[in-house]
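In numbering that gives the first Met the number 0, the protein residues as written are 0 to 1052. Each residue gets a CB set at the ideal place from its N, CA and C atoms; glycine is no exception. Quick caveat: nothing in here was measured; it's all calculated off a predicted structure.
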Amino acid sequence: MAPNRIIIDTDPGVDDVLAMLLALSVNPDELEVAMISVTYGNVELQSCLKNAVALFHVLEKELTWRKENGKAENFGTLKTHKPIIAVGAEHPLEDDQLMADYFHGVDGLHGVHTEHPHLDAEDTWKSLFHKDSAALDHDPSPYSQYFTASKEPAHKEILRLLRESPKDTLTLIAVGPMTNFALAAAEDPETFLKAKEVLVMGGAVNVEGNITPVAEFNTYADTVATARVFALTSPSPKSTMPPLSQMRSSLPAYPEKLSRKLKLTLFPLDITTPHLLNKNYFTARVKPFVDAGSPLAVWVNHFLSGTFNKIDSLVGDGNEPGLSLHDPLTIWYAITQSDARWKGTPQLEDIRIETSGQWTRGMHVVDRRTRAKVGEAAVELELGASTTDDVDVLTLADAAGDDDGWLNVTKGNRINRIIASPGEDAFADFIITPTALDPSLVPESLDTKMAPMATHDTVVIYAELLPNIRHISIAVSLPSPVDASTSVQTSAHGDSILVTHRGESTEARLPGPVSAPSALPIPATPPSGPTSLAWRLPVSTSVTLPSTRHELQPTVPWSAHDLTPKAAVACRQCGEAVVPEGRLHEWKDLPSENWAEMMDFWHCHKPHDHGQEKNGDGDGGGDGDHDDEHLTKRGYGANSSIAAQTRVGFVDLTSFLLAEEDCTGLRFSTPDATWTRRTAAAALDADPAAQPPRLLHVTCASCAVHMGFYNTSIASVVLFKWQTTCAAASTPAETAQPTGADCLAATLLATLSRSGSSKSVIVPTIQAPPTPNDDDSDSTQQQQQQALHVWVLNSNITYASSLRPAAGPRSALKLLYKPIAVAQADAMLASFALDVQEVTFPAAVIAAAARGFEASALLLPAGERLFHGWRVALLDNPGLVVSIEHRSPSHLIDRFISDHQRLRDQKEKGHMSSTTPRPPATHDKTPTRVSKDITRPPTSPPPSSPDSVATSAATGDRTMPSLEAPRPVHAAGTPAHTPTQTGPRRGLPSHVTPDGLEANGAPSKTWEVCAHGQQHEVDPRRKRLGIVYTVLAGLFILAFTIVAAVLAGLCSK
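Take a look at the structure:
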């Protein structure tokens, strides 16, 4: 017998079926479904019964299909324990019958029986539930082997199982109207009270209802039944019983004294609604199973797709529809009840059901007054005792004016209301697990790491630096509850943590040394402790943390000065050269994304293509032609786009822009073609009747890997950095070959720095070229239509994890993200109300990013993997390095003095100018490259403890500090060229000229470089003088306007 036996009382609609599926799919030693009690509710009773039987019919076909295809069968509870199915009440006790077929469909499952008749059970099952002597006692259908049909009413079967079971071994779960439970309790209340616990999905306490402004459907469907069951939790059931009625029901009152109170745990809309199953998430996960022919996947996909469409039509806000997993949440609780993250209210609540209100029927009424109850001293005697003990409660007088006993401790209900779960939207991942779905069919992105709630079989440690408050947050996840063997210790230097649990030790480095006792406190919560632990420890006072005052700027993966001139560019997959060695004479960085807007700002208008400025005759000859040619070559010509130049490699944030004649070993094809050609012209000529495409696919001629695209409008080849290799001029540590994730991280940081918006939509711009083996399946099309909605929650955190011990502390972006459809992404980008930026990547990179996000979530504590409907992920940024240094106060003072002494000596020797031109203004806030360390003059000896780059990790909240890393400075005092990056259609960068002029010809402001590389304006009076001039000019214009208006008025007279 399983340690937890349950009876599910249900009105099978959409989420009811999901609840039963979850209960039947777990391991048999976790849960035993003793009985499924069917009642009316979402649809009429016979439809509910048909849906329950159809579930077993589909499961029988699913198990047969898995066995025939060599798949893992799973569904251990279904095969081990044979539940009873019994038919219950057809209507409420007293209320008019109410159905939710408008939401669940007429049959409760959106017409699945009609659309998929091969998955529908034959009507022979109906005879199993009839008392008619002529009816069959056995159904020969194969699916009937998995359940036992009862001819007795459901409430009588419930009482029979309770009588035959030891006390406190059977849990009753109500996910529909509570009529069956009310009938059982009325017939034999003492037997009903043998139940270990009653779990109820119903009600709305602090949120709005879903059927009326104050009522939830299950309660509203039979308010009297709910009130009667709730009354059994009271020391005096008659105090909360509904008034007797002469309508349909004439159920008797409960006895004056009962042996015990009912333990009832409530799951109202307050806790169930946020647990969502989103449409795109479900579709992505069920699609492989549908394509493989899984009967269960086909069946579930039909009615859930219908549900999502219904939600979309009812809400119609344009957002991705999500189904609240109301009923399955109670099953999750039954399975994982020992998890310490389940939280109930601090004290049992007196929640009563309104049964007769004209507008408030079905409301869960709670006394929110703060008046003290009569006999408060007796609370310890009555409430402090175990619910399983017999307690003699003191009889106390009612308070004056308190006729209903709200202020009397001996009256009112005692409800345990759930207010927190192990993770709101994480439940969607728990319910769609390899236990219910065949693991061999789970896509690569959904392997054993598919579920954020998935647990590890070892201890997992995660630590994150919170520099603003000088603390390190540490979270430990254990494979089993805390016990006497569990201990947590910090190292002698405070830079690592060691967790020992049941003979296993796990150690992890911390992002910095902490000041804490060697043995950390562990909460003791017998008989079983929590499975997760957390501390927030102060950083050691002898440590210097990275500054959080400066704006963070991203490092560019492979900028122009990182690459060796004349170096070959090769395919990363096979190593075949696609640009021969010696072909490219130089590398140049491509400019800011908003270069055209900057030209408008600087020049008032873009350069036009008239040639008359120089010769005045307008014929476009002479010097005018030369100027136009020069401007076009630089990218500033009228109507010009950045095009590749022979023997020059342009470097973008994520790609290289090259001339076709510089490339070898490439193949070109149109977007839909399975053939390739050696040249772009040949590919375009292959189908002369077709409209010339904007882009051609570019693949490696040797291994056929997709390397980039050919832009027909500028006749240039674009190669993705993550698909190429190239010799680097800098040290390998600084120029490691960038991956797609590196390029994505740099792009998100650039977008954040440029626009100031932390939310972006990553949409596919180019799909991988088709191959002759492609079947153009729906799953491929779906992948191509996937986008990601990303929110950069923190642009630079420092973390460490025991799952990556070799990596040590890492710098990363902390993201919130949601997979969305491309159509939804387009709608968001078109909306003026949403501040989102567009980021474009190939579809394959977006799919890989989604897989990486899912995997990175496993580094985080289980309770922090979701945030209000968003999924949390970490995106490593290898270009950002954070070092935390041990420094004593005296050491810092000595270092400060020595730095200034060195600067004075250098000035005297002429090695460094006292002033330097200010770096060029980037009006679009496009990020510039940050060096790993602050560049010092070549003649300066390296310091004994080099300063770390000023970076920051925010506190983990939504707020993000403004960060700015110093710009590198050359020895001569001129700022190092810090090119900006974006796509191949951008203009050229704005350079600082040797004479100290900015790109618009204006003189640069004078800045001083201090010993720490910080740049400070020499004379702030210029700024104040400029403000004064601006104010005076405004006053002059105002006076002129007033005088003009007066003169105009006089003239009109």
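- A Cβ-Cβ separation of about 13 angstroms leaves Leu231 out of contact with Glu186 under the 8 angstroms criterion.
- Look at Leu694 here: in three-state DSSP terms it is strand.
- Of the residues assessed, Lys278 falls on the buried side of the cut-off, its CB having 16 or more other CB atoms within 10 angstroms.
- Between the stretch 825–844 and the stretch 474–494, the count of Cβ pairs shorter than 8 angstroms is below three; the stretches do not touch.
- One alpha carbon belongs to Tyr253, the other to Thr218, and they sit about 21 angstroms apart.
- In the DSSP assignment, Trp869 falls within the unbroken beta strand (DSSP E) covering Trp869 to Asp875.
- At least 8 angstroms separates the beta-carbon of Trp534 from that of Pro421.
- The bridge partners DSSP lists for Tyr461 are Ala474 and Ser800.
- Between the alpha carbons of Gly664 and Thr653 lies a distance of about 21 angstroms.
- Counting along the chain, no beta strand (DSSP E) covers Cys573, and no H or E run does either.
- Counted as a single uninterrupted DSSP element, the alpha helix (DSSP H) harbouring Trp298 occupies residues Pro294 to Val314.
- Scanning Leu406, Leu263 and Gln357 for the CA closest to the CA of Thr344 turns up Leu263.
- When DSSP states are grouped into helix, strand and coil, Gly107 belongs to the coil group.
- Comparing C-alpha distances from Phe74 to each of Ala88, Leu92 and Leu54 shows the shortest one belongs to Leu54.
- With fewer than three CB-CB distances shorter than 8 angstroms, the stretch 60–69 does not count as touching the stretch 23–41.
- A residue is called buried when at least 16 other Cβ atoms come within 10 angstroms of its Cβ; Phe840 meets this threshold and is buried.
- By the C-beta density criterion, Tyr461 is buried, having at least 16 other C-beta atoms within 10 angstroms.
- Taking a C-beta distance under 8 angstroms as the contact criterion, Tyr332 and Leu243 do not qualify as a contact pair.
- Following the DSSP letters along the chain, one finds Phe229 inside the alpha helix (DSSP H) bounded by residues Thr222 to Ala230.
- Inclusion of Leu265 and Ser323 in the CB contact set at 8 angstroms is not warranted, their separation being larger than that value.
- In this structure, Leu182 places its C-beta atom within 8 angstroms of the C-beta atom of His154.
- In this structure, Leu92 lies away from Val228, with their beta-carbon atoms at least 8 angstroms apart.
- Look at Met827 here: in three-state DSSP terms it is helix.
- Using a C-beta cut-off of 8 angstroms, the stretch 572–587 makes contact with the stretch 699–711, since at least three inter-stretch Cβ pairs fall below that distance.
- Using a 10 angstroms sphere on the CB of Lys720, the tally of other CB atoms reaches 16 or more, which defines it as buried.
- Following the DSSP letters along the chain, one finds Glu189 inside the alpha helix (DSSP H) bounded by residues Pro188 to Phe191.
- By the Cβ rule, the stretch 297–309 does not count as touching the stretch 145–153, because fewer than three pairs are nearer than 8 angstroms.
- In the displayed model, Cys1050 falls within a helix according to three-state DSSP.
- Fewer than three Cβ pairs drawn from the stretch 8–20 and the stretch 406–426 lie within less than 8 angstroms of each other, which leaves the two stretches out of contact.
- Counting the other Cβ atoms within 10 Å of the Cβ of Thr1040 gives fewer than 16, which makes it exposed.
- The DSSP-derived three-state label of Arg413 is coil.
- Looking at the DSSP output, Pro152 shares a beta bridge with Val86.
- Secondary-structure assignment with DSSP links Lys342 through a beta bridge to Ala419.
- Note on Ile1026: under 16 other CB atoms within 10 angstroms of its CB, so exposed under the neighbour-count rule.
- Cβ contact annotation for Ala559 (same chain, cutoff 7 angstroms, sequence separation greater than five): Trp586, Lys587, Asp588, Val650 and Pro978, in chain order.
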